[in-house]
Amino acid sequence: MSGDSLVAGSFVVADYAVFALMLLVSAAVGVYFAWLDRGQGSSGDFLMGGRRLTALPVSLSLTASFMSAITVLSNPAEVYRYGANIGFYGLSYLMTMVVTSEIFLPVFYRLAITSTYEYLELRFNRATRLLGTVLFIVQTILYTGIVIYAPALALNQVTGMDLWGAVISTGVVCTFYCTMGGLRAVVWTDVFQLGVMLAGFLSVIIRSVVVQGGVLQVISDSQQGGRLNFGDFDTNPLRRHTFWTITVGGTFVWVSIYGINQAQVQRYISCKSITHARLSLYINLVGLLSILLCSVFAGMCLFSVYKRCDPWTAGLVSAPDQLMPYLVMDILGDYPGLPGLFVAAAYSGSLSTVSSSINALAAVTVEDLIKPYTNMSERHLSWISKGLSLVYGVGCIGMAGLASLMGGILQAVISIFGIIGGPLLGVFTLGILCPFANSKGAVSGLVLGLLVSLWVGIGAQVYPPPPEMTRPLSLTTEGCNFNATDSFNWTSTALPTQPASITTAPVHHLDGKPLLADSWYSLSYLYFSPIGTIITVSVGLLVSLLTGGWKLKVESSLTLMKEDTTLYHLFKFFKDRVTRRTGELDLTRDREEKTGSTNPAFSDVELDLTKGSITK
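The numbers in the sequence shown follow the working numbering, run straight up by one, and end at 770.
So this is what it looks like as structure tokens:
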């Protein structure tokens, strides 16, 4: 541990106790569900919670699973450096929930599948399914390693908490309760961890509001510092964060997470009825918005406290992600236990994300890579699921070790979500919304979309966009009360003297950057996902039409039917109100609508039981 990180204070016994308590409760939940489910030995129960979860815990779990430590540490730092316009994510969350509940949920729920990639085989062919599965596994393992490592690093350097101790303890606890308790343990620990995250945020916010002298003071400080930049409606796609990049690009990224990502779909399909599943998405919206509000406001508090003296420029912290922990040690250091609560909040974020990932990886591997090729009993599959949870848990800890070597590639791995998620979203969209798309179209679209996304993503990593596109706001160290020998204002040094012109004919500029660097590669990272999706869909449609896709007869349950949408039911409800026809026909139809199942064959529980008894 370096000497300068001791300045802010370090962990005391009470803090370690709070942190350990959080880990213990999480582990206890796993043991509890393992004991509760000891009689039932099917992989369906382990991976899907027996398809009898209700809306509330599922919705909280949906919220927790992609609100990782990266949200707790990076969002406030983002607001501190670039301004509060990431609050526009609220709009993209709203659009995401509508799209998911209207388009993706009905199809997946009706098919009662365990793995979303099963759908790709039903709709296209096995090759598409395998490609999708492999992409998902790569994406998730990369992401999970980062999610374990990033907070550990940031917190270690500020609070002096042991780095590998933290990484391994979180990894082990997580793997433990995933392996023991399955999906139900994952869902209920998520609920608890969401509570811890909110508590951690609130403790920081309340304390800094008290220190600064009121909420209005924090807001006016942010206003004067130019942090409330909500009026930024610039349509330039190269600008990093504007209203458009966040609402449009953000919607694509989040739809690729909520609409098709195994970790999320697995949860809402495990609800006991489709109404519960829809409800869980909308309740989860409230959770997402409250965490967004907390993180944006925490960023404003961060700015308000350090508006005169920026610890990052002054060299007190080595990365923006450490600003939040630094603030915590600074203003909560005198209250033993509270810094521990914040660290527990950051790690809860990681735990919930990692546990979702492990459970999803196990589900996908069993359903897509083992079941189709072997003939095993449910009890064997259940044991294999548990073994896989263990293997993936260890794999993710290993990935965290790799992340420590990669260092600067954190942002790259987060954009991996856009890079891989975009084309995958495109394939599912093709399947659900375009009845004439065929397997040739799907595979070629997926491959091309992926190649283009990777090209932009890697290009952006190699040639980062110029500062006039990212527009960091000014920070100052004037008010610092220590002797800074070389304090400098980094905005003045970062801006180039004269923007390179794009009109020149040669492929390379004088400074050796390729022509594409100033346009294509400087694209806002939020647009990686839409590019992948749009290219996949358009290539897929073209290829399908050229290879005779319009002759294709697809089973209607595999595509979106008009009965699936809420709009249709509203329209029908009003039409029935107006005509007021009576008769037995209407009675039966109404009764069918109330139960919320359009297909009488899917009464969730009985069907599962008979299936189970036949295979034994």
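Built from N, CA and C at the ideal position, the CB exists for glycine as well.
Please classify residue i: does DSSP put it in a helix, a strand, or coil?
| i | result |
| --- | --- |
| L207 | strand |
| C455 | helix |
| C425 | strand |
| T405 | helix |
| R625 | coil |
| Y675 | coil |
| T519 | helix |
| M715 | coil |
| T631 | coil |
| D475 | helix |
| E709 | coil |
| F397 | helix |
| L392 | coil |
| T647 | Confidence in T647 is poor, its pLDDT being 35 and thus under 50, which makes the residue's placement unreliable; the coordinate value appears in the next sentence. Of the three classes helix, strand and coil, the one that applies to T647 here is helix, per DSSP. |
| M483 | helix |
| M351 | helix |
| F590 | coil |
| W342 | helix |
| N383 | coil |
| G336 | helix |
| N438 | helix |
| G580 | helix |
| L175 | helix |
| L470 | coil |
| M202 | helix |
| D169 | helix |
| D730 | helix |
| S362 | helix |
| C463 | coil |
| P620 | coil |
| G325 | helix |
So is residue i buried or exposed if we call it buried at 16+ other beta carbons inside 10 Å?
| i | result |
| --- | --- |
| D475 | buried |
| L370 | exposed |
| G541 | exposed |
| H149 | In the structure as shown, the chain starts at 155 and stops at 770, and residue 149 therefore has no counterpart that could be examined. |
| P230 | buried |
| A171 | exposed |
| S376 | buried |
| F728 | exposed |
| Y480 | buried |
| S458 | buried |
| L587 | exposed |
| R533 | exposed |
| P754 | Low confidence applies here, because P754 scores a pLDDT of 40, under 50, leaving its location unreliable and the question unanswered by this model. |
| A174 | exposed |
| R432 | buried |
| E272 | buried |
| S711 | exposed |
| E232 | buried |
| D169 | buried |
| G335 | buried |
| L700 | exposed |
I believe residue i touches residue j by the beta-carbon criterion, under 8 angstroms. Please report the beta-carbon distance rounded to the nearest angstrom.
| i | j | result |
| --- | --- | --- |
| G595 | G694 | 4 angstroms |
| L535 | V520 | 6 angstroms |
| G686 | I573 | 7 angstroms |
| F187 | A339 | 4 angstroms |
| S569 | P619 | Actually they do not touch by this definition, with Cβ atoms about 12 angstroms apart. |
| S269 | S510 | Contact flag wrong, Cβ pair sits at about 14 angstroms. |
| L447 | Y247 | Contact doesn't hold; Cβ gap of about 11 angstroms is too wide. |
| Y236 | R731 | Actually they are not in contact, since the Cβ atoms of Y236 and R731 sit about 50 angstroms apart, beyond 8 angstroms. |
| P621 | G403 | Contact doesn't hold; Cβ gap of about 20 angstroms is too wide. |
| T225 | S449 | 6 angstroms |
| A800 | L309 | With the chain covering only 155 through 770, there is no way to say anything about residue 800. |
| A238 | R381 | 5 angstroms |
| F290 | S539 | No, F290 and S539 are not in contact; Cβ-Cβ is about 17 angstroms, not under 8 angstroms. |
| T631 | T467 | 5 angstroms |
| T401 | D388 | Actually they do not touch by this definition, with Cβ atoms about 13 angstroms apart. |
| S424 | L714 | About 21 angstroms separates the two Cβ atoms, so there is no contact after all. |
| T343 | S180 | 5 angstroms |
| L495 | L477 | No, L495 and L477 are not in contact; Cβ-Cβ is about 18 angstroms, not under 8 angstroms. |
| L669 | G299 | The Cβ separation is near 35 angstroms, so there is no contact. |
Discussion item. Ignoring anything shorter than 4 residues, give me the alpha helix (DSSP H) runs that lie fully in the segment 207-262, in order along the chain.
Written reply: 209-220, 223-236, 243-253
Discussion item. Suppose only complete runs of 4+ residues qualify. What are the alpha helix (DSSP H) ranges in the segment 267-323, listed by chain order?
Written reply: 270-277, 280-313
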